[in-house]
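Written below as structure tokens is the structure these notes are about.
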Amino acid sequence: MAEDAKWYVVHTYSGYENTVSASILKSAETRHMEDLILEVKIPMEKVTERTDSGEEKTYDRKIFPGYVLVKMILTDETWHIIRNARGSTGFVAMDGKPVPLTEEEVQSLGMERHEIVVGFEIGDTVKVTEGPLEGFLGTVDELEPDKNRVRVIVSMFGRETPVDLDLDQIEPVKED
């Protein structure tokens, strides 16, 4: 059931983010709905400021003041908990219906990290399976699985040429 959960954005009164977060978690616990309301987060960032005297001061700052993110399965009961949490003004919605964040939005906010496992590493020989260079062999030069990107050195016209590709455009060459 947890795989059906999506991230939703809840609007709060200014300065009530922590209150709303605590209220949602407490309500879910008292109503035994922890399997429906899985996580509540307030996106934060570390900020370091240098004072006039040259000292550095580090503190956490809310990235989106007035908003709380909730990973949950939307039902009438969970909607009621969010809507009636102290300090909550309701969901960010379209036509009155809460709109979940897309996977790309969740990734860009850093709310969830998905480990990407690839079948090759730097220095491995790979074959290009899609695009204009389909069928070419090359060597993996750079690997950025979090950006779905790989740089492959391909030999074209007697020259070594770096080519940026998506991870799904190459496959490892099986060595016998």
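Sequential numbering of the sequence shown, starting at 25, is according to the working numbering.
For every residue, glycine included, the Cβ atom is placed at its ideal position computed from N, Cα and C.
This structure is a prediction, so every number in the text was calculated from the model and none was measured.
From this set, the options, which residue's C-alpha is nearest residue i's C-alpha?
{"i": "Asp162", "options": "Asp192, Val142, Val197", "result": "Checking the sequence, you will find Gly at residue 162 rather than Asp. Of the listed residues, the one whose Cα sits closest to Gly162 is Val197."}
{"i": "Val174", "options": "Thr72, Pro89, Gly143", "result": "Gly143"}
{"i": "Lys30", "options": "Thr126, Met180, Glu79, Tyr91", "result": "Thr126"}
{"i": "Ser132", "options": "Gly147, Lys171, Val34, Asp119", "result": "Lys171"}
{"i": "Gln71", "options": "Asp84, Val94, Pro156", "result": "Note that residue 71 is Val in the sequence shown, not Gln. Checked all of Asp84, Val94, Pro156; the closest Cα to Val71 is Asp84."}
With the cut-off set at 8 Å, would you say residue i and residue j are in Cβ contact?
{"i": "Lys14", "j": "Met68", "result": "Absent from the model: residue 14. The displayed extent of the chain is 25 to 200, so no value can be given."}
{"i": "Leu60", "j": "Ile106", "result": "no"}
{"i": "His35", "j": "Tyr91", "result": "yes"}
Can you tell me whether residue i is buried or exposed, with buried defined as 16 or more other CB within 10 angstroms of its CB?
{"i": "Thr102", "result": "buried"}
{"i": "Glu41", "result": "buried"}
{"i": "Glu37", "result": "Glu is not the amino acid found at residue 37; the sequence shown has Tyr there. So Tyr37 ends up on the exposed side."}
{"i": "Phe115", "result": "buried"}
{"i": "Ala117", "result": "exposed"}
{"i": "Val123", "result": "exposed"}
{"i": "Lys81", "result": "exposed"}
{"i": "Val150", "result": "buried"}
{"i": "Gly111", "result": "buried"}
Helix, strand or coil, according to DSSP, for residue i in the structure here?
{"i": "Pro124", "result": "strand"}
{"i": "Pro196", "result": "strand"}
{"i": "Val130", "result": "helix"}
{"i": "Val187", "result": "strand"}
{"i": "Ile87", "result": "coil"}
How long is the line joining the alpha carbons of residue i and residue j, rounded to whole angstroms?
{"i": "Val64", "j": "Val164", "result": "40 Å"}
{"i": "Ala46", "j": "Pro169", "result": "35 Å"}
{"i": "Val44", "j": "Asp192", "result": "41 Å"}
{"i": "Phe181", "j": "Asp190", "result": "23 Å"}
{"i": "Pro186", "j": "Val176", "result": "6 Å"}
Under 8 Å, Cβ to Cβ, is there at least one residue of chain B near residue i?
{"i": "Gly155", "result": "In the structure shown, chain B cannot be found, because there is only a single protein chain."}
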